[in-house]
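Structure, as structure tokens:
In this note's numbering, the protein residues as written are 457 to 806.
Structure follows, in structure tokens:
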């Protein structure tokens with residue numbers, strides 16, 4: 457039996473994480489899924505990693521590769537071309553994530569996408585150096601041809617800086633964190649919005665999420681405290697935790713997914729490692745925002761909560777927990793969205 461799911465006219469994060477869409481996805485048990493793009497005109501690249509990994513989730517769950525229907529019409533022709541340009545089609549076919557009912561190629565030329573707009577796959581076995589090289593190689597066409605359009609962004613306050621390295625660091629740290637903690641492959645999309653003056657980055661994995669990662673760390677620390685013999689992998693994990701980090705996981709018995717995301721966001725705040733904390737901090741200093749989704753919970757970090765984030769007071773803020781946290785949004789793995797305004801860096805007030 458097949459289950460057909462219609463994709464809306466504009467498919468973005470709001471639609472992807474909507475109750476109706478995820479309810480349909482999570483209700484599927486063993487049926488083959490057909491995603492119908494008959495009425496779709498636009499897809500936000502920021503959800504492309506999510507949608508690609510959704511194909512793997514459904515394939516693992518049902519034993520059947522989900523299908524995509526793109527009609528042979530003029531309107532769909534532009535969409536086919538767009539999906540091809542951002543590398544969605546090649547990744548879906550190369551890794552067996554989706555099958556296509558109609559030919560996904562041969563679309564009309566349509567609007568040419570920005571050089572940055574693409575999706576990149578990172579194997580979970582890549583070394584840190586290989587990840588950095590692949591990210592830089594992916595960004596170079598953008599940095600050479602596009603970033604110069606934002607003269608106020610290319611230089612820092614002294615007039616001599618280069619923010620290409622900042623973008624590289626944002627993406628690199630997010631992907632390396634996936635490799636360290638989720639130990640799975642990662643998909644990353646880069647997307648520049650010249651009209652909005654922003655760079656959008658999204659990173660997805662289908663690993664265990666923040667809470668389970670903390671539980672793993674806690675099991676290792678308690679095992680060490682009890683004098684039990686650690687495996688080589690457990691020794692490696694313990695060696696990467698400072699004494700203060702070990703104390704955090706010792707008292708984390710009753711952490712929720714939300715609390716785990718908050719703790720994870722500050723995990724390296726006292727470390728020399730650049731890490732997720734500094735990614736979030738710097739994005740907020742550019743007046744941007746970061747949304748982290750882990751399994752069934754989303755937390756949004758924006759400039760309004762910058763001071764409390766730096767001081768480690770988010771869990772004590774009722775406004776933050778009410779307005780910046782969404783719960784009961786079931787989609788497994790960790791999915792991070794970053795939006796960076798291409799403007800002068802301004803340090804928010806603490």
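Beta carbons: idealized from backbone N, C-alpha and C, even for Gly.
Please read these numbers as outputs of a predicted model, since none were measured by experiment.
(request) Could you pull out every unbroken alpha helix (DSSP H) segment of at least 4 residues lying fully inside the stretch 494-566, listed in chain order? (result) 504-518, 530-541, 544-550
(request) With a 10 Å radius around its C-beta and 16 neighbouring C-beta atoms as the bar for buried, classify residue 593 as buried or exposed. (result) Here residue 593 corresponds to residue number 137 of the chain shown, with the count starting at 1. That one is exposed.
(message) Using C-beta distances below 6 Å, list every residue in its chain close to residue 514, excluding the 5 sequence neighbours before and after it, in chain order.
(response) As a position in the chain shown, residue 514 is number 58, starting the count at 1. Around residue 514: 489, 522.
(request) Can you give me the start and stop residues for the alpha helix (DSSP H) that residue 669 sits inside? (result) Position 213 of the chain shown holds residue 669. Residue 669 -> alpha helix (DSSP H) spans 665-681.
(request) Write down the C-beta distance between residue 659 and residue 644 rounded to the nearest angstrom, noting that I regard them as a contact closer than 8 Å. (result) For the purposes of this step, residue 659 is taken as residue 203 along the chain shown, with counting starting at 1. For the purposes of this step, residue 644 is taken as residue 188 along the chain shown, with counting starting at 1. With 8 Å as the limit, residue 659 and residue 644 qualify as a contact, their Cβ atoms being about 5 Å apart.
(message) Here's the rule: buried if 16 or more other CB atoms are within 10 angstroms of the residue's CB, otherwise exposed. What is residue 476?
(response) Taking the chain shown and counting its residues from 1, one reaches residue 476 at position 20. The residue is exposed, with fewer than 16 neighbouring Cβ atoms inside 10 Å.
(request) Please name the residue, chosen from 701, 495, 575, 512, that lies closest to residue 539 on a Cα-to-Cα basis. (result) Position 83 of the chain shown, counted from the start, is the residue given in the question as residue 539. Nearest option by C-alpha distance: 575.
(request) Taking residue 676 and residue 717 to be in contact with their CB atoms under 8 Å, please state how far apart those CB atoms are, rounded to whole angstroms. (result) Here residue 676 refers to the residue found at position 220 of the chain shown. Here residue 717 refers to the residue found at position 261 of the chain shown. With 8 Å as the limit, residue 676 and residue 717 do not qualify as a contact, their Cβ atoms being about 20 Å apart.
(message) By the DSSP assignment, the alpha helix (DSSP H) with residue 475 in it spans what residues?
(response) One-based indexing of the chain shown puts residue 475 at position 19. Where residue 475 is concerned, the enclosing alpha helix (DSSP H) stretches over 475-483.
(message) Between the alpha carbons of residue 551 and residue 543, how many angstroms are there, rounded?
(response) By one-based count along the chain shown, residue 551 stands at place 95. By one-based count along the chain shown, residue 543 stands at place 87. Using only the alpha carbons, I get a separation of about 12 Å.
(request) Can you say whether residue 745 is buried or exposed, counting buried as having 16 or more other CB atoms within 10 angstroms of its CB? (result) On the chain shown, residue 745 is found 289 positions in, with the first residue counted as 1. Residue 745 should be labelled buried.
(request) Could you tell me which of 468, 562, 491 sits nearest to residue 458, measuring between CA atoms? (result) Mapped onto the chain shown, residue 458 falls at position 2. Taking only the C-alpha atoms, the option nearest residue 458 is 491.
(request) Answer yes if the stretch 703-711 comes into contact with the stretch 757-771, meaning at least three C-beta pairs across the two stretches below 8 Å, and no otherwise. (result) no
(message) Need the endpoints of the beta strand (DSSP E) that residue 576 sits in, please.
(response) As a working mapping, residue 576 is identified with position 120 in the chain shown. Unbroken beta strand (DSSP E) run through residue 576: 574-578.
(message) If contacts are defined as beta-carbon pairs under 8 Å, then residue 464 and residue 494 qualify, I think. What distance do you get, rounded to the angstrom?
(response) Working through the chain shown from its first residue, we reach residue 464 at position 8. Working through the chain shown from its first residue, we reach residue 494 at position 38. Going by Cβ atoms, the distance from residue 464 to residue 494 rounds to 11 Å, so no, they are not a contact pair.
(request) Please report how far the alpha carbon of residue 606 lies from the alpha carbon of residue 651, in whole angstroms. (result) For the purposes of this step, residue 606 is taken as the residue at position 150 of the chain shown. For the purposes of this step, residue 651 is taken as the residue at position 195 of the chain shown. Annotation note: pLDDT 49 at residue 606 (below 50); position unreliable, coordinate value reported separately. Cα to Cα, the separation comes out at about 11 Å.
(request) State the CB to CB distance for the pair residue 518 and residue 481, rounded to an integer number of angstroms; the pair is presumed to be in contact (CB under 8 Å). (result) For this step, residue 518 is matched to residue 62 along the chain shown. For this step, residue 481 is matched to residue 25 along the chain shown. Actually they do not touch by this definition, with Cβ atoms about 11 Å apart.
(request) Would you decide whether residue 780 is buried or exposed? Buried here means 16 or more other CB atoms lie within 10 Å of its CB. (result) The count along the chain shown starts at 1 and reaches residue 780 at position 324. Classification for residue 780: buried.
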